[in-house]
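Single-structure report; data block below.
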Amino acid sequence: MAQKHLYLDFDGVLHPNFVDKGQLFTHMPELTKALEGKPLRIVISSSWRFHENFAYLKSLFAPTIQDQVSGCTGPAHIGKWPRWHEIKKHAATYGVTDWIALDDAFMEFPPECEELILCDGRTGLQDSQIQQLVEWIKG
Numbered sequence: 059m060a061q062k063h064l065y066l067d068f069d070g071v072l073h074p075n076f077v078d079k080g081q082l083f084t085h086m087p088e089l090t091k092a093l094e095g096k097p098l099r100i101v102i103s104s105s106w107r108f109h110e111n112f113a114y115l116k117s118l119f120a121p122t123i124q125d126q127v128s129g130c131t132g133p134a135h136i137g138k139w140p141r142w143h144e145i146k147k148h149a150a151t152y153g154v155t156d157w158i159a160l161d162d163a164f165m166e167f168p169p170e171c172e173e174l175i176l177c178d179g180r181t182g183l184q185d186s187q188i189q190q191l192v193e194w195i196k197g
């Protein structure tokens, strides 16, 4: 069975967009609870990867899931559906065939993208998206 991969955005997912520094990663506890002990890899697809190093990004995760954080997507894609293209390139490079993306930027993915669990950037990750994620993990 192929290893499941979660491509994770930060802004608009782990916290609402446009929050103060003290309000960053407010949804990390719920995500951690959903992912602890699950057989999947986390790949950071957030634009944070452009201005922070991987060791720092990995340190933002709870110790109980840090080992699941395996990397970041690569360089920015210029053009239509950039996040989707960045994920597809990473997936092709590393042989990833079973993946899902948690993101708030619907315009960065093709319409009706079945691999996208869309969050509302005004609130970030909510119970309904956690439930979709858990169902996907279960298969």
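Just so we're aligned: the sequence shown equals residues 59 to 197 in the working numbering. For glycine and all other residues, C-beta sits at the position ideal for the given N, C-alpha and C.
Beta-carbon proximity of residue i to residue j, cut-off 8 Å
| i | j | result |
| --- | --- | --- |
| His148 | Thr131 | yes |
| Trp142 | Glu170 | no |
| Trp157 | His85 | no |
| Gly129 | Val101 | yes |
| Thr155 | Ala60 | yes |
Proximity to residue i [Cα-Cα], best of the options
| i | options | result |
| --- | --- | --- |
| Leu160 | Ser128, Asp125, Trp194 and Lys116 | Trp194 |
| Thr122 | Ile145, Met165 and Glu88 | Glu88 |
| Phe119 | Phe164, Phe68 and Leu176 | Phe68 |
| Glu173 | Gln190, Asp185, Ser186 and Gln184 | Gln190 |
| Gln184 | Ala92, Ala134 and Gly137 | Ala92 |
| Tyr65 | Leu176, Ile145, Val77 and Gly80 | Ile145 |
| Pro133 | Gly70, Ser103, Asp162 and Tyr152 | Ser103 |
| Ser105 | Ile188, Ala163 and Ile175 | Ala163 |
| Gly137 | Pro168, Tyr114, Gly153 and Arg107 | Pro168 |
Cutoff 7 Å; reference residue i; Cβ partners in own chain excluding five residues on either side
| i | result |
| --- | --- |
| Leu82 | His73 |
| Gln124 | Lys116 |
| Gln187 | Leu160, Ile175 and Cys177 |
| Trp139 | Glu166, Phe167 and Pro168 |
| His135 | His143 and Glu144 |
Beta-carbon proximity list for residue i, same chain, < 8 Å, skipping 5 on both sides
| i | result |
| --- | --- |
| Thr200 | Because the chain here runs from 59 to 197, residue 200 falls outside it and cannot be looked at. |
| Gly153 | none |
Same chain, Cβ closer than 6 Å to residue i, neighbours up to 5 away in sequence not counted
| i | result |
| --- | --- |
| Val127 | Ile100, Lys116 and Phe119 |
| Gly197 | none |
| Arg107 | Cys130 |
For this session: Specify whether the segment 96-109 and the segment 172-181 touch according to this definition: at least 3 beta carbon pairs, one from each stretch, less than 8 Å apart.
Result: With the cut-off at 8 Å, the segment 96-109 and the segment 172-181 do not touch.
Exercise. Going along the chain, which unbroken runs of the beta strand (DSSP E) with 3 or more residues stay wholly within the segment 127-156?
Worked result: 127-130
Exercise. What are the start and end residues of each continuous alpha helix (DSSP H) run of 4 or more residues lying completely inside the segment 70-124, in chain order?
Worked result: 86-93 and 112-117
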